[in-house]
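Novice:
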Amino acid sequence: MVRPSFPALHGGSGSPLLPALVANAQQFWNEWEIQCLVLASFSLQVFLHFFSSIRKGNTSRLLSSLLWLAYLLADYVATFTLGRLTLHVDDPRHQLVLFWTPLLLLHLGSQETISAFSIEDAMLWKRHLLGLVSQVALAIYIVAKSWRPDKQLLGPLVLMFISGTIKYAERTWALMTASSSMSPGSDSMADHVLGVQDDVILDAKSYFDELHSIFPGKNVLDIEGHNGGRRTDDDGYEGLVMAAGKGFRLCLDFLTDMTPFLVWSNTDTIIDSAIKKLRTSNPETQVQMAYKLVEIQLSLIYDYLYTKYGALQFRLGLVSSGIERLITFFSTLAALGLFVGANLKGPFNYSREDVMVSYVLLAGAITLDISSIFMLISSYWLQLHRRGGLFGCSFSLAKCVHAGSKPLWSEKIAQYNLIDACIQEERGGIICGWVMRRTGIVSDINMSNTVSPELKKLVLDKLFEVASTRSVSDYWDWDFSKYRGMWLQWWLQEGRIQADIAQGILTDGITDTDLYFPMTVIVWHIATEMCWFADEDDYSPCRAPSMELSRYVMYLVAKRDVMSGSNGHFELGKARRQVKRILEGRGISDERGLLKYARQATGQVTEPCFSRGRVITDHLLKISNGAQRWELISMVWIEMLCYLGPNCGAQFHAKHLSTGGEFVTHVRILLVILGIPFLRSDMKPGKF
């Protein structure tokens, strides 16, 4: 192969610099185009293989953007390279073109760690099926056109065709599988609609039986393995993994809106027993076990929706998927062995550079396969099929990779303060602030806030209370199709505060027919902020978690459009305009001053969200016991969060599993773990 020579970066009067550079660059590209393209395709596969799984626990926009770019380019580059190969089938300089063709099919099959970048990619599985057929046909055409009577390459070529076609078919099948779980017309959904409930009942019974067996009761179970030097209970961690496997189908159905509308008469005893054991365990253990189980559950669901090995393990099982992996791995390994043993300096005298590229592609494919096998062995999926000592060793490896103290998601809870955001916007100027927010220079959302242990415990404790309650009044049922403040009504019904205060809170903040959900969120958000600054000397345990929940639910409704609708956007716009009117010419520079003015200037602040928020604040501040006040506020926000969980849509949950996760998704799975969707009366069946 003739290598281009580059002249010095200067030219005389008869040799302009730019044309010379362009000519040499063109010559270089003509000589090395194919090699550069196939190596670029391989490099993209390496990047996707090692970095795609990181996004499950990372909220970085940079990482997400790089993965998105690599995911798109990987297909485009491989497809483009196959097309370019058709132009070189008769080129004597590239006689190994036919051998690179099945390797590009291998690249189009993507990596075990990523089958889809987003759930929308899974919905386009038919397009990938068409791509599978067309690209395999194109590869066969290239090989047929460029074939030369060199039987040395026939064996490796056939083996790589087998491996590449299987990998590409795997990806298409994984996308189809994920799509069927998210599509309203899937077989699973149709079964539920037709009333086929036996499988759901069996899944639920098996799941709660397993939970009952692993919950430790009064025994201490250290999930993280570093509490006061106590010994780690490996059986407990292993039990969580096994329970997550048994409940995988059940939790996936709930997360993807495949709602089993059933009343199971045997649930009460089984669920009560499991909840009782968990509640009587060490308080720290309760939080560790419940949330770690949720993490493992959602990690499995992420693998199923976004990776090849997750779909293969669940749908095909250990043996079938293992056989498939062995076929592709040993096919590639045998192809490398045959290629090494071939006489490449024979009559065809293959280019040394092309031979080196072929070695890189083959060795790289084997390395990625070995890495994939290691990832599978150390994953939770293999532990679901544990048999014998070999699997015990794999669990030890899995514990090293997925230590109990290592979170499986970002553990971030976004915070949006409506009032402070408006103040910051006014400070930056309308145009300048808008540009900076759009370009990401500044943000009115705090994405760095970590879910506090106090918040986790508060949510779990309140859900324990709800799960332990059957029927405390005539209006009580488990209907999550609308927000009615049921839990607050139950809490107030116990007589913890004065009846007139309780009635005022219910009338002005919950039961008023003019209060639809987005406006309720805004009103309680303003009331919570007002109480926060009015109670600055209060150190109640529910105070800080309530503020976290207020700003998180506000973020979901205002910034993620969850349950907002046109009315919600309208009310948000009015609230923002009210804040800006208050700021005009009054010298108010912070949230404390604005809220103080809004509480005092009743005649000037007339927007319903502010006036109602002020009235609710007045009711709340009449409660002399600060701990009770903030417990009441926390109950409101927890019920709102539990209402959003089942109602923000399967697409929302699935999407955010690949961007670090959302706390509301974890709460939704907590509802299933505590059996709340199943706790219904035969006389008054609810909906979930």
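Residue numbering for the sequence shown follows the working numbering, starting at 16 and increasing by one per position.
For glycine and all other residues, C-beta sits at the position ideal for the given N, C-alpha and C.
As the structure is a computational prediction, the values presented were derived from the model and not from experiment.
With a cut-off of 8 Å, does the C-beta of residue 356 fall near any C-beta of chain E?
Specialist: Among the chains in the structure shown there is no chain E, since it carries only a single protein chain.
Novice: Go through its chain and collect everything with a Cβ distance to residue 229's Cβ below 6 Å, but skip five positions before and after it.
Specialist: Residue mapping note: residue 229 aligns to position 214 of the sequence shown, counting from 1. Here the set comprises 254, 258.
Novice: Is it right to say residue 338 is buried, meaning 16 or more other beta carbons lie within 10 angstroms of its own, or is it exposed?
Specialist: If you number the sequence shown from 1, residue 338 lands on position 323. Exposed, by the Cβ-count rule.
Novice: Can you check which of these residues, 98, 178, 105, 141, is closest to residue 150 by C-alpha distance?
Specialist: As a position in the sequence shown, residue 150 is number 135, starting the count at 1. Answer by Cα proximity: 98.
Novice: Determine which residues share a DSSP beta bridge with residue 461 and list them.
Specialist: Within the sequence shown, residue 461 is the residue found at index 446, counting from 1. Paired residue(s): 430.
Novice: Under the three-state reduction of DSSP, which class applies to residue 513: helix, strand or coil?
Specialist: The residue you call residue 513 lines up with position 498 of the sequence shown. Three-state DSSP puts residue 513 in coil, outside helix and strand.
Novice: Over what stretch of residues does the alpha helix (DSSP H) that includes residue 554 continue unbroken?
Specialist: In the sequence shown, counting from the first residue as 1, residue 554 sits at position 539. That residue, residue 554, is in no alpha helix (DSSP H); it is neither H nor E in DSSP.
Novice: Is residue 615 helix, strand or coil when you go by DSSP?
Specialist: Residue 615 sits at position 600 when you count from the first residue of the sequence shown. Correct three-state label for residue 615: helix.
Novice: Which residues mark the beginning and the end of the alpha helix (DSSP H) in which residue 580 is found?
Specialist: Along the sequence shown, one-based indexing puts residue 580 at 565. Residue 580 -> alpha helix (DSSP H) spans 580-598.
Novice: Using a Cβ-Cβ cut-off of 6 Å (strictly less than) and excluding sequence neighbours within five positions of residue 31, which residues of its own chain qualify?
Specialist: If you number the sequence shown from 1, residue 31 lands on position 16. Answer for residue 31: no residue qualifies.
Novice: Between the alpha carbons of residue 245 and residue 419, how many angstroms are there, rounded?
Specialist: Translated into the one-based positions of the sequence shown, residue 245 becomes position 230. Translated into the one-based positions of the sequence shown, residue 419 becomes position 404. Confidence at residue 245 is low in this model, with a pLDDT of 40, below 50, so its placement is unreliable and no value can be given for it.
Novice: Counting pairs of Cβ atoms below 8 Å between the region 130-137 and the region 164-184, do you hit three or more?
Specialist: Verdict: no, contact absent.
Novice: Tell me the rounded alpha-carbon separation between residue 503 and residue 288.
Specialist: Here residue 503 is taken as the residue at index 488 of the sequence shown, counted from 1. Here residue 288 is taken as the residue at index 273 of the sequence shown, counted from 1. The alpha-carbon atoms of residue 503 and residue 288 are separated by roughly 26 Å.
Novice: Counting only the same chain and skipping the five closest in sequence on each side, list residues whose C-beta sits under 7 Å from that of residue 21.
Specialist: Stepping through the sequence shown from its first residue, residue 21 is reached at position 6. Residue placement at residue 21 cannot be trusted, given a pLDDT of 46 that sits under 50; what the coordinates show is reported in the next sentence. Here the set comprises 39.
Novice: For residue 410, which option in 256, 655, 290 has the closest C-alpha, if you only look at C-alpha atoms?
Specialist: Residue 410 sits at position 395 when you count from the first residue of the sequence shown. For residue 410, the nearest C-alpha among the options comes from 256.
Novice: Secondary structure at residue 129, three-state DSSP: helix, strand or coil?
Specialist: Translated into positions along the sequence shown, residue 129 becomes position 114. In this structure, residue 129 counts as strand in the three-state DSSP scheme.
Novice: CA-CA distance, residue 191 and residue 307?
Specialist: Here residue 191 refers to the residue found at position 176 when the sequence shown is read from its first residue. Here residue 307 refers to the residue found at position 292 when the sequence shown is read from its first residue. Each residue's alpha carbon lies about 29 Å from the other.
Novice: Tell me whether residue 518 is buried or exposed, calling it buried when 16 or more other Cβ atoms sit within 10 Å of its Cβ.
Specialist: Within the sequence shown, residue 518 is the residue found at index 503, counting from 1. By the 10 Å Cβ count, residue 518 comes out exposed.
Novice: Among the residues of its own chain, which have a CB less than 6 Å from the CB of residue 384, if the five just before and after it don't count?
Specialist: Start at 1 with the first residue of the sequence shown, and residue 384 comes out as number 369. Taken in chain order, the residues that qualify are 344.
Novice: Any idea if residue 415 is buried or exposed, counting beta-carbon neighbours within 10 angstroms, 16 or more meaning buried?
Specialist: Counted from its first residue, the sequence shown places residue 415 at position 400. By the 10 Å Cβ count, residue 415 comes out exposed.
Novice: Taking residue 113 as the reference, which of 365, 670, 64 has the closest Cα?
Specialist: The sequence position of residue 113 within the sequence shown is 98, counting from 1. Considering only alpha carbons, the answer is 365.
Novice: Residue 82 and residue 67 look like a contact to me (Cβ under 8 Å); what is the Cβ gap, rounded to whole Å?
Specialist: Within the sequence shown, numbered from 1, the residue matching residue 82 stands at position 67. Within the sequence shown, numbered from 1, the residue matching residue 67 stands at position 52. About 6 Å separates the two Cβ atoms, so the contact holds.
Novice: Mapping DSSP to helix, strand and coil, what is residue 110?
Specialist: Here residue 110 refers to the residue found at position 95 when the sequence shown is read from its first residue. Coil, per DSSP.
Novice: Does the Cβ of residue 163 have 16 or more other Cβ atoms within 10 Å, making it buried, or fewer, making it exposed?
Specialist: Sequence index remark: in the sequence shown, residue 163 carries index 148 (1-based). Result: exposed.
Novice: Whether or not the region 584-596 and the region 543-560 are in contact is what I'm after, with contact meaning three or more pairs of Cβ atoms, one per stretch, closer than 8 Å; do they touch?
Specialist: The answer is no - the region 584-596 does not touch the region 543-560, with fewer than three Cβ pairs under 8 Å.
Novice: In the DSSP assignment, find the unbroken alpha helix (DSSP H) run with residue 325 in it and report its ends.
Specialist: Numbered from its first residue, the sequence shown carries residue 325 at position 310. Unbroken alpha helix (DSSP H) run through residue 325: 323-356.
Novice: If contacts are defined as beta-carbon pairs under 8 Å, then residue 659 and residue 679 qualify, I think. What distance do you get, rounded to the angstrom?
Specialist: By 1-based counting over the sequence shown, the position of residue 659 is 644. By 1-based counting over the sequence shown, the position of residue 679 is 664. Contact holds; Cβ gap of about 6 Å.
Novice: Around the Cβ of residue 27, are there at least 16 other Cβ atoms within 10 angstroms (buried) or fewer (exposed)?
Specialist: Residue 27 sits at position 12 when you count from the first residue of the sequence shown. Reliability fails at residue 27, whose pLDDT of 49 lies under 50, so the model's placement of it is uncertain and the value that follows must be treated cautiously. With fewer than 16 Cβ atoms within 10 Å of its Cβ, residue 27 is classed as exposed.
Novice: Can you name the start and end residues of the alpha helix (DSSP H) that residue 671 belongs to?
Specialist: Within the sequence shown, numbered from 1, the residue matching residue 671 stands at position 656. Counting along the chain, the alpha helix (DSSP H) containing residue 671 begins and ends at 665-672.
Novice: By the 10 Å Cβ neighbour count, where 16 or more other Cβ atoms means buried, how is residue 241 classified, buried or exposed?
Specialist: Here residue 241 is taken as the residue at index 226 of the sequence shown, counted from 1. Only weak support is given to the placement of residue 241: the predicted model assigns it a pLDDT of 44, under 50, and the question is left unresolved by the model.
Novice: Residues in the same chain with beta-carbon distance under 8 Å from residue 126, minus the five sequence neighbours each way, listed in chain order, please.
Specialist: The residue given as residue 126 occupies position 111 in the sequence shown. Excluding residues within five positions, the ones whose Cβ falls inside 8 Å are 60, 63, 64, 67, 323, 383, 387.
Novice: Short check: CB of residue 71 to CB of residue 423, under 8 Å?
Specialist: The sequence position of residue 71 within the sequence shown is 56, counting from 1. The sequence position of residue 423 within the sequence shown is 408, counting from 1. Yes.
Novice: According to DSSP, simplified to helix, strand and coil, what is residue 603?
Specialist: Start at 1 with the first residue of the sequence shown, and residue 603 comes out as number 588. Coil.
Novice: Do you know offhand how far residue 269's Cα is from residue 661's?
Specialist: Working through the sequence shown from its first residue, we reach residue 269 at position 254. Working through the sequence shown from its first residue, we reach residue 661 at position 646. Their backbone Cα atoms lie some 8 Å apart in a straight line.
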